[in-house]
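Beneath this line is the structure, given in structure tokens, with notes to follow.
Number of protein chains: 2
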Amino acid sequence: MATGNSEATKARILEAARDEFSAHGIAGARVDRIAKAAGCNKNLLYIYFQSKETLFATVLEQNLRRVYDELRFTPDDLPGYAARVFDFAMANPGLMRLMAWAGLEQEAGDVALRNAAQSAKVAAMEAAAHDADGPGARLAPEFLLTAILALATAWSAASPFGPRLSPGLAADPATLRAQIADAVAAIAAARTGP
Amino acid sequence: MATGNSEATKARILEAARDEFSAHGIAGARVDRIAKAAGCNKNLLYIYFQSKETLFATVLEQNLRRVYDELRFTPDDLPGYAARVFDFAMANPGLMRLMAWAGLEQEAGDVALRNAAQSAKVAAMEAAAHDADGPGARLAPEFLLTAILALATAWSAASPFGPRLSPGLAADPATLRAQIADAVAAIAAARTGP
DNA sequence: GAGTCCTAGCTAACTCGTTAGTTAGTCTAC
DNA sequence: GTAGACTAACTAACGAGTTAGCTAGGACTC
Chain H
1 MATGNSEATK
11 ARILEAARDE
21 FSAHGIAGAR
31 VDRIAKAAGC
41 NKNLLYIYFQ
51 SKETLFATVL
61 EQNLRRVYDE
71 LRFTPDDLPG
81 YAARVFDFAM
91 ANPGLMRLMA
101 WAGLEQEAGD
111 VALRNAAQSA
121 KVAAMEAAAH
131 DADGPGARLA
141 PEFLLTAILA
151 LATAWSAASP
161 FGPRLSPGLA
171 ADPATLRAQI
181 ADAVAAIAAA
191 RTGP
Chain G
1 MATGNSEATK
11 ARILEAARDE
21 FSAHGIAGAR
31 VDRIAKAAGC
41 NKNLLYIYFQ
51 SKETLFATVL
61 EQNLRRVYDE
71 LRFTPDDLPG
81 YAARVFDFAM
91 ANPGLMRLMA
101 WAGLEQEAGD
111 VALRNAAQSA
121 KVAAMEAAAH
131 DADGPGARLA
141 PEFLLTAILA
151 LATAWSAASP
161 FGPRLSPGLA
171 ADPATLRAQI
181 ADAVAAIAAA
191 RTGP
């Protein structure tokens with residue numbers, strides 16, 4: 001056999017690292033705690049991953065990939081997309097925190113991957129919205145996309161607004177999702193200009 | 001004279017601490033760096049503020065107070081309010097990061113202050129929106145308020161979306177502010193239900 | 001089929017720079 | 001000569017990263 005059970009150990013480390021980084025960020029995370037939670041020796045972290053930093057980068061990339069895999073973008077159903085993003089964000093609070101930490105603690109990160117995904121979505125939205133334009137243009141796709149993401153994640157664990165300010169709303173995800181979808185529909189139909 | 005120039009030193013420490021915490025968070029901040037930036041001895045930090053944690057809490061409270069002081073809430077002009085929040089967020093990237101760090105690193109923080117502000121705004125919105133309701137109710141004020149904040153700050157330095165994904169938009173604040181105002185107007189006018 | 005070597009997977013214990021927090025004392029003005 | 005503002009130097013612990021070595025089992029030799 002090629003690998004023995006080292007792959008299982010790696011997986012356990014990545015899982016423990018995800019939890020630790022999600023809870024404490026890069027600077028606050030403790031390598032010893034990760035090793036203990038993974039039930040293995042600290043040195044293995046340095047054998048399998050080179051440093052705390054690269055371990056974080058690995059965890060982040062692995063989890064970002066999950067986002068892109070699980071969230072299909074539907075340019076012709078933006079409210080539905082927002083609802084799915086909302087569900088995903090509520091179902092994965094740890095992942096949302098991880099992304100927030102990365103945004104604060106890392107300079108740039110893997111801009112390439114994210115920019116490609118962004119451009120693809122913008123292009124798809126432009127293609128889907130070539131129907132008639134009345135007086136005043138629609139809001140720009142690039143703007144609309146960010147607005148959708150901001151709205152859909154405003155009640156996630158990583159947001160300073162939603163869950164902290166109105167815990168009552170966050171406790172009722174179904175109506176919250178409906179309200180987000182309604183709001184996105186309103187923005188998508190909105191026209192700018194006089 | 002009562003105080004000598006210790007007040008000036010305290011102010012320099014708070015300023016240096018704001019910058020350090022804003023850049024690195026609580027766990028990543030270094031007390032020695034703060035002292036050096038403030039041009040004073042490290043021990044003074046512990047004399048004037050008790051610990052790193054309470055220094056952070058002091059910095060946060062002082063700056064949150066600025067937010068509440070400088071941002072007048074206008075329930076009858078929500079797009080205008082959103083535009084002002086946007087301007088404030090763009091003008092104070094360090095403060096936005098500070099709030100983001102606080103949300104991630106602290107358990108609860110000063111819930112009382114924020115909850116009071118939130119309730120006051122919700123009540124003001126309800127009072128301002130007692131005109132006729134057509135078929136389908138308006139979106140709940142509590143929801144609308146969080147949505148506005150999420151939209152208005154989506155391009156701030158602390159957001160994982162706006163500035164990182166579409167730096168082009170962030171470079172043109174005037175149209176961005178207009179788009180945010182339009183979007184908020186659309187949501188505020190939106191009705192929910194069938 | 002016993003002895004020896006080798007490798008993958010793993011661990012205990014260590015190093016050493018860093019860091020929050022402290023102590024003891026200096027200096028200046030009144 | 002005392003009190004307020006401040007400093008240099010210290011301490012104790014922590015924490016990332018390292019070293020040296022253990023153990024099980026396969027394989028190869030005779």
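Chains as they are written, first to last, in the UniProt record's numbering: chain H, 1 to 194; chain G, 1 to 194.
The beta carbon of each residue, even a glycine, is placed where N, CA and C say it ideally should be.
Just the Cα atoms here: how many angstroms apart are residue i and residue j?
{"i": "P173(H)", "j": "D76(H)", "result": "24 angstroms"}
{"i": "A2(H)", "j": "I34(H)", "result": "The predicted position of A2(H) is uncertain, since its pLDDT is 43 and thus under 50; a value taken from the coordinates is nonetheless stated next. Going from the Cα of A2(H) to the Cα of I34(H) covers about 26 angstroms."}
{"i": "L45(G)", "j": "I13(G)", "result": "7 angstroms"}
{"i": "N5(G)", "j": "A102(G)", "result": "30 angstroms"}
{"i": "S166(H)", "j": "D69(G)", "result": "21 angstroms"}
{"i": "M125(H)", "j": "P141(H)", "result": "6 angstroms"}
{"i": "R66(H)", "j": "L95(H)", "result": "10 angstroms"}
{"i": "R164(H)", "j": "V111(G)", "result": "8 angstroms"}
{"i": "N115(H)", "j": "L71(G)", "result": "33 angstroms"}
{"i": "E53(H)", "j": "G80(G)", "result": "42 angstroms"}
{"i": "S159(H)", "j": "A11(H)", "result": "28 angstroms"}
{"i": "C40(H)", "j": "A128(G)", "result": "60 angstroms"}
{"i": "residue 196(H)", "j": "K36(H)", "result": "With chain H running from 1 to 194 in the structure shown, residue 196(H) is simply not present."}
{"i": "A171(G)", "j": "F21(G)", "result": "26 angstroms"}
{"i": "E61(G)", "j": "T9(G)", "result": "18 angstroms"}
{"i": "residue 199(G)", "j": "G28(G)", "result": "Given a span of 1 to 194 for chain G in the structure shown, any question on residue 199(G) remains unanswerable."}
{"i": "L55(H)", "j": "I47(H)", "result": "11 angstroms"}
{"i": "R84(H)", "j": "S119(H)", "result": "20 angstroms"}
{"i": "A137(H)", "j": "T175(G)", "result": "13 angstroms"}
{"i": "R177(G)", "j": "D32(H)", "result": "46 angstroms"}
So residue i packs on residue j, CB below 8 angstroms; how close in whole Å?
{"i": "I26(G)", "j": "E107(G)", "result": "Going by Cβ atoms, the distance from I26(G) to E107(G) rounds to 12 angstroms, so no, they are not a contact pair."}
{"i": "Q179(H)", "j": "L139(G)", "result": "6 angstroms"}
{"i": "L78(H)", "j": "L151(G)", "result": "Rounded, the Cβ-Cβ distance is 15 angstroms, inconsistent with contact."}
Mind checking whether residue i and residue j have CB atoms under 8 angstroms apart?
{"i": "A190(H)", "j": "D182(G)", "result": "yes"}
{"i": "L149(G)", "j": "I187(G)", "result": "no"}
{"i": "V59(H)", "j": "R30(H)", "result": "no"}
{"i": "L113(H)", "j": "N63(H)", "result": "no"}
{"i": "F86(G)", "j": "K121(G)", "result": "no"}
{"i": "V184(G)", "j": "A82(G)", "result": "yes"}
{"i": "A38(G)", "j": "A57(G)", "result": "no"}
{"i": "G168(G)", "j": "T146(H)", "result": "no"}
{"i": "A100(H)", "j": "A117(G)", "result": "no"}
So what does DSSP say about residue i, is it helix, strand or coil?
{"i": "Q179(G)", "result": "helix"}
{"i": "R33(G)", "result": "helix"}
{"i": "R97(H)", "result": "helix"}
{"i": "R114(G)", "result": "helix"}
{"i": "R72(G)", "result": "coil"}
{"i": "E107(G)", "result": "coil"}
{"i": "Y46(G)", "result": "helix"}
{"i": "L14(H)", "result": "helix"}
{"i": "A2(H)", "result": "Caution is warranted here: a pLDDT of 43 is assigned to A2(H), below 50, making its placement in the model unreliable, and the coordinate value is therefore given only provisionally. A2(H) falls in the coil class under three-state DSSP."}
Using a Cβ-based criterion (distance less than 7 angstroms to any ligand heavy atom), does residue i qualify as near the ligand SAH?
{"i": "A11(H)", "result": "Here there are no bound small molecules, and the ligand SAH is not part of this structure."}
Check whether the segment 148 to 168 of chain G and the segment 81 to 90 of chain G touch, using three or more Cβ-Cβ pairs below 8 angstroms as the test. They touch, by the three-pair rule.
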